[in-house]
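In this text, residue positions in the sequence shown follow my numbering: the first is 91, and each later residue adds one.
Just so you know, even glycine gets a beta-carbon here, dropped at the ideal spot from N, CA and C.
All values derive from a computational prediction rather than experimental measurement.
I have placed the structure first, in the form of structure tokens, so that the comments after it can refer back to it.
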Amino acid sequence: MELERFILVIRRWLLLIVIGTLVAAGAAYWVSRLQTPIYSAKATLLLDVASTDANAEYAGMLGSDRAARTYSQLATSRSILSEVAQSLKLDIPLPNLASMIKVAPLATTQLLEVTVEDTIPARAAAIANKLAEVFVRESSYLRQAKFDTSREELKQELDRVERQIVTVRVQMDSIVDPNDPTNAKLPLFARTELSRLQSQLIGLETQRTILLRSVEDFRLATARNSNNLVISSPAREPEAPVRPKIPLNTALAALAGLIIFTILAFLIETLDDTVKSPEDISSTVGVPVLGALATFRGNNGTSRLITR
């Protein structure tokens, strides 16, 4: 009986349900068509970690939330956005430009994705590519600055050792006698001082050798890591907007309208206490229906009498 009642209600209110569904779908379609299309362009960056273990640890951080926030803030910093806006001659306020851009690492990969959403597809791709270009260059500058600082400290230390070596050699030259290669004629205190200076010179030359090797290692490390962030896939001009999705919006609105107006039909039936069918009589008074009188159509009252 419940199924029959359900079918009866649907048949009785079918027109309302159909109209409501069509109205909801049409409204969603109309509103979606009025919205400005939004296009999305994506550029992909690759972090090359093949050279050093430090880079491997650096890449491992990309999956963390902190790394995501760091890259997002760096890529949308005022200096980078200003250079992008000036290069492309954009008439967009920097806060609005920042809201159009999203930079995030792709999980379990060494990739960074730069996404730009704009109402103009060509401009979205241009912003994504220019931002990626500036971002790679600035990242390289930052890494180079770290190497430059360490290399400058090593150079200063090397200069200090070189000066000390020169000073020690001058002191040794002032003690030794060119005509006495074995220094046998030198007094005891002079030979003792000369031995101390020779030991000091050996230590300083060892330090110089180590510092020179460190400088060379830094030079090689700088060459290997000067541009470890590269553009893997440049952005292309999008062909279709990502928003609004007119077919999806229309379908969802139609489904929502169908559900809402079906519920409305059953709500009306539930609140309506009038008797419209033999089933209503049975359920209301609790007695069976013995018979029913049909309505006869006719031209006058006499022809419509049941006795005829």
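Exposed unless 16 or more other CB atoms sit within 10 angstroms - verdict on residue i
i, result
"residue 172", "exposed"
"residue 125", "exposed"
"residue 335", "exposed"
"residue 402", "In this structure the chain extends from 91 to 398, so residue 402 is not present and cannot be described."
"residue 292", "exposed"
"residue 319", "buried"
"residue 366", "exposed"
"residue 378", "exposed"
"residue 166", "buried"
"residue 221", "buried"
"residue 328", "buried"
"residue 380", "exposed"
"residue 351", "buried"
"residue 218", "buried"
"residue 376", "exposed"
"residue 340", "buried"
"residue 260", "exposed"
"residue 229", "buried"
"residue 256", "exposed"
"residue 383", "exposed"
"residue 287", "buried"
"residue 187", "buried"
Residue i: first and last residue of the uninterrupted beta strand (DSSP E) it sits in
i, result
"residue 205", "201–208"
"residue 352", "Premise fails: residue 352 lies in the alpha helix (DSSP H), 336–361, not in any beta strand (DSSP E)."
"residue 197", "That residue, residue 197, is in no beta strand (DSSP E); it is neither H nor E in DSSP."
"residue 122", "Not the beta strand (DSSP E): residue 122 falls in the alpha helix (DSSP H), residues 104–124."
"residue 136", "129–137"
C-beta contact flag for residue i and residue j at 7 Å
i, j, result
"residue 402", "residue 164", "A question about residue 402 goes unanswered here, because the residues of the chain that appear run from 91 up to 398."
"residue 325", "residue 131", "yes"
"residue 258", "residue 290", "yes"
"residue 254", "residue 284", "no"
"residue 111", "residue 355", "no"
"residue 136", "residue 196", "no"
"residue 211", "residue 129", "yes"
"residue 99", "residue 359", "yes"
"residue 224", "residue 170", "yes"
"residue 178", "residue 215", "no"
"residue 308", "residue 227", "no"
"residue 331", "residue 127", "yes"
"residue 304", "residue 134", "no"
"residue 347", "residue 194", "no"
Start-to-end residues for the alpha helix (DSSP H) that takes in residue i
i, result
"residue 371", "368–375"
"residue 172", "168–178"
"residue 380", "Per DSSP, residue 380 belongs to no alpha helix (DSSP H) and is neither H nor E."
"residue 185", "184–189"
Residue i beta carbon near the ligand SAM (any heavy atom closer than 6 Å)
i, result
"residue 105", "Looking for the ligand SAM in the displayed structure turns up nothing, as the structure carries no ligands at all."
Which residue spans inside the segment 275–319 form an unbroken beta strand (DSSP E) run of at least 3?
none
Segment contact flag, the segment 110–122 with the segment 205–224, C-beta cutoff 8 Å, min 3 pairs
no
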